[in-house]
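When we follow the working numbering, the leftmost residue of the sequence shown carries the number 3, and every step to the right adds one.
We put the CB at the ideal spot given by N, CA and C, even for glycine.
Note sheet for the following structure.
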Amino acid sequence: RRISNPGCYATAMQLAIAPLKDLLAGPPACFGVSGYSGAGTTPSDKNNPEKLRDNLMPYSLVNHMHEREVTRHLDVPVEFMPHVAPHFRGITMTVNLWLTQAQTLEAVKARYVEKYKNEALIEVIDDAPWVSHIANRHGAQIGGFTLAPGGKRIVVVATLDNLLKGAATQAMQNLNLAL
């Protein structure tokens with residue numbers, strides 16, 4: 003039997019989208035920013051701190067492998083625009099979701115609380131989470147719930163440490179589930 007570990011960006015997107023999946027009116031637009039450790043160890047502009055200083059570097063703006071991964075696993079198309087920033091670790095994923103029916107902010111947040119209430123490593127918070135608060139931690143934070151006038155557009159922010167919840171911690175969680 004094979005077990006696959008989701009990618010770090012894919013994890014952040016799925017955590018932000020899943021509670022509202024049944025209300026989506028169209029593809030979620032996901033703006034992701036990763037620290038340069040997410041760009042791998044092969045030398046490139048995307049993991050060169052000198053080139054990243056005072057910079058935000060977009061790349062693979064369509065058809066990114068994690069865009070395809072999330073589309074496959076959630077069974078909804080997603081639009082993903084990844085960027086690399088000058089910090090070393092951590093991902094901020096800002097997700098714009100259009101909904102088929104108007105919602106209240108309380109109803110939206112309640113969906114996230116309900117979905118993740120038994121997940122010890124996922125914390126639903128009010129404010130938009132910061133990478134500096136999640137770095138070196140094994141979980142993810144989801145918050146910053148902002149509802150547009152009319153109640154049919156919501157923006158949600160998810161953060162995680164790409165080296166822990168985005169990789170090593172998830173591998174351990176998958177092993178625990180398998181055993």
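Reduced DSSP category for residue i - H, G, I as helix; E, B as strand; rest coil
i, result
"residue 80", "coil"
"residue 16", "helix"
"residue 212", "Outside the shown range of the chain, which is 3 to 181, sits residue 212, and nothing can be said about it."
"residue 22", "helix"
"residue 41", "helix"
"residue 129", "coil"
"residue 66", "coil"
First through last residue of the alpha helix (DSSP H) which encompasses residue i
i, result
"residue 178", "171 to 180"
"residue 189", "The structure shown does not extend to residue 189, since the chain spans only 3 to 181, so no value can be given for it."
"residue 52", "51 to 54"
Contact set for residue i: own chain, Cβ-Cβ below 7 Å, skip 5 residues either direction
i, result
"residue 107", "147, 149"
"residue 165", "39, 91"
Beta-ladder partner(s) of residue i, from DSSP
i, result
"residue 36", "86, 93"
"residue 99", "156"
"residue 73", "According to DSSP, residue 73 bridges with nothing at all."
"residue 162", "93, 142"
"residue 27", "Paired residue(s): none; residue 27 is not in a bridge."
Boundaries (first-last residue) of the beta strand (DSSP E) holding residue i
i, result
"residue 136", "Premise fails: residue 136 lies in the alpha helix (DSSP H), 133 to 136, not in any beta strand (DSSP E)."
"residue 149", "142 to 149"
"residue 124", "124 to 126"
Same chain only: Cβ atoms within 6 Å of residue i, ignoring 5 sequence neighbours per side
i, result
"residue 21", "113, 114, 117"
"residue 96", "33, 159"
"residue 156", "99, 110, 149"
"residue 137", "91, 92, 163"
Would you check if the stretch 150 to 163 and the stretch 174 to 181 touch, i.e. whether three or more CB-CB distances between them fall below 8 Å?
no
Give a yes or no on contact between the stretch 56 to 74 and the stretch 6 to 25, applying the rule of three or more CB pairs nearer than 8 Å.
yes
Is the stretch 47 to 62 in contact with the stretch 125 to 137, if contact means three or more CB pairs nearer than 8 Å?
No: the two stretches stay apart, fewer than three of their Cβ pairs being nearer than 8 Å.
Any contact between the stretch 137 to 144 and the stretch 111 to 125? By contact I mean 3 or more CB pairs, one from each, below 8 Å.
yes
For the pair the stretch 76 to 92 and the stretch 100 to 114, tell me if three or more CB-CB distances fall below 8 Å.
When C-beta atoms of the stretch 76 to 92 are compared with those of the stretch 100 to 114, fewer than three pairs fall below 8 Å, so the two segments do not count as touching.
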